[in-house]
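Notes follow the structure.
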Amino acid sequence: MITEQLWDGPDLPDRHMKRGCPTGAAMPLCWSHSEYVSLVRSRHDGVCFARVEPAFQRYVLDPVQSHYEIWSLRHPLRSVSHGKILRIILATETTIVWSIEDWARRNESHTSHRDELDLWFVDFPTAEWPSGSVFAFTFFWKRDQRWEGRNWQVSVL
90 MITEQLWDGP DLPDRHMKRG CPTGAAMPLC WSHSEYVSLV RSRHDGVCFA RVEPAFQRYV
150 LDPVQSHYEI WSLRHPLRSV SHGKILRIIL ATETTIVWSI EDWARRNESH TSHRDELDLW
210 FVDFPTAEWP SGSVFAFTFF WKRDQRWEGR NWQVSVL
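When we follow our numbering, the leftmost residue of the sequence shown carries the number 90, and every step to the right adds one.
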């Protein structure tokens, strides 16, 4: 038996629950039978029985293309399509020091705060940069008054 099917608490005689005995939850065999019925129905209808129609409409039939590519420390993009807006999202207030000219010219951008998400971000419109550019950047963490200690790069394709 799997854990959610086995009562592991103190005995509850009024609810017919006894330690080490079945809880009465669906058993794996019953679950697999219901999945089989769902697959047969889907095959018969020609469409997934459990399909969420609004999600199917949005992501399959009429996908909306985002104008943004998101970069974060947990998801450090290596490249972005030319014309997209590169949004860098961080957890604290930061100055982003950046260059698209191999550090020949240095720029600074200050993060803006989004209260409802409690995040800081900066948008970089890549349409203004030459295709094939390399966007190099680092951070100055304002609260800690320290530099990131490394440079990041995103290629504009």
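Using N, Cα and C, we set each Cβ at its ideal position, and we do this for glycine too.
Computed from a predicted model, the values in this text were never measured in an experiment.
Counting only runs that start and end inside the region 96-139, the alpha helix (DSSP H) elements of at least 4 residues fall at 117-134. In the pairwise beta carbon analysis, the region 176-192 is classified as touching the region 203-210: at least three pairs are separated by under 8 angstroms. By the criterion of a C-beta distance shorter than 7 angstroms, S244 is surrounded in its chain by R167, S168 and V223, once the five residues flanking it on both sides are discounted. Assignment of R147 by DSSP, reduced to helix, strand and coil, places it in the helix class.
In this chain, the beta strand (DSSP E) harbouring A225 covers V223 to W230. Setting aside the 5 residues that flank it on each side, W236 is surrounded in the same chain by T227, F228, F229 and W230, each with a C-beta closer than 8 angstroms to its C-beta; the list follows chain order. The three-state secondary structure of Q154, taken from DSSP, is coil. Spanning the alpha carbons of H164 and G238 requires a straight line of approximately 18 angstroms. Annotation for E197: the continuous beta strand (DSSP E) segment containing it runs N196 to H199.
Sequence-distant Cβ neighbours of G172 in its own chain, meaning closer than 7 angstroms and more than five residues away, are T215 and A216. The alpha-carbon separation between Y125 and H133 amounts to approximately 12 angstroms.
According to DSSP, residue pairing for D212 in a beta bridge involves R176. Residue environment: W96 is assigned as buried (16 or more neighbouring CB atoms within 10 Å of its CB, all protein chains considered).
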